[in-house]
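In the working numbering, the protein residues as written are 145 to 268. A short worksheet on the structure shown next.
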């Protein structure tokens with residue numbers, strides 16, 4: 145295959161996130177300027193593709209161990225068409241899809257949100 149780079153951003157970098165401007169700025173840089181610059185630069189190296197995955201609210205084993213704020217989950221999932229948080233497996237599946245030359249061989253410079261159809265951000 146030609147090869148693929150999959151960057152990991154966040155919906156915080158797309159929609160912003162109250163109280164986490166530093167994180168949102170860093171993730172926004174990944175899913176905009178860095179992605180668009182790299183996709184043009186590395187395409188010169190044998191057609192390597194560059195895309196990004198932007199996970200939204202994701203429930204992880206560590207988060208479960210720390211305790212899940214059910215009220216926050218309800219507020220977050222109210223903004224989502226699928227009405228559920230992502231899992232690490234959901235995010236990994238998107239990465240595998242974008243990394244595959246067979247499945248995504250003509251996709252480059254794209255950001256795939258893994259956020260259940262989230263439309264925006266929570267306002268405190």
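Each residue gets a CB set at the ideal place from its N, CA and C atoms; glycine is no exception.
As an exercise, report each continuous beta strand (DSSP E) stretch of at least 3 residues that is fully enclosed by the segment 236–266, in chain order. 255–258
In whole angstroms, what separates the C-alpha of residue 178 from that of residue 225? Just so you know, the alpha carbons of residue 178 and residue 225 end up roughly 29 Å apart.
Can you give the Cα-Cα distance for residue 246 and residue 206, rounded to whole angstroms? 33 Å
Candidates 250, 235, 259, of which the one nearest residue 187 by Cα: 250
Along the chain, where does the beta strand (DSSP E) that runs through residue 193 open and close? 193–199
Compare the beta carbon distance of residue 255 and residue 198 with 9 Å and say whether it is the shorter of the two. yes
What beta strand (DSSP E) runs, 3 residues minimum, are completely inside the segment 148–211? As summarised for the segment 148–211, the continuous beta strand (DSSP E) elements at least 3 residues long and confined to that stretch are 148–152, 193–199, given in chain order.
In angstroms with no decimal places, state the Cα-to-Cα distance between residue 159 and residue 146. Rounded to the nearest whole angstrom, the C-alpha separation of residue 159 and residue 146 is 32 Å.
Should residue 244 be labelled buried (16 or more other beta-carbon atoms within 10 Å of its own) or exposed? exposed
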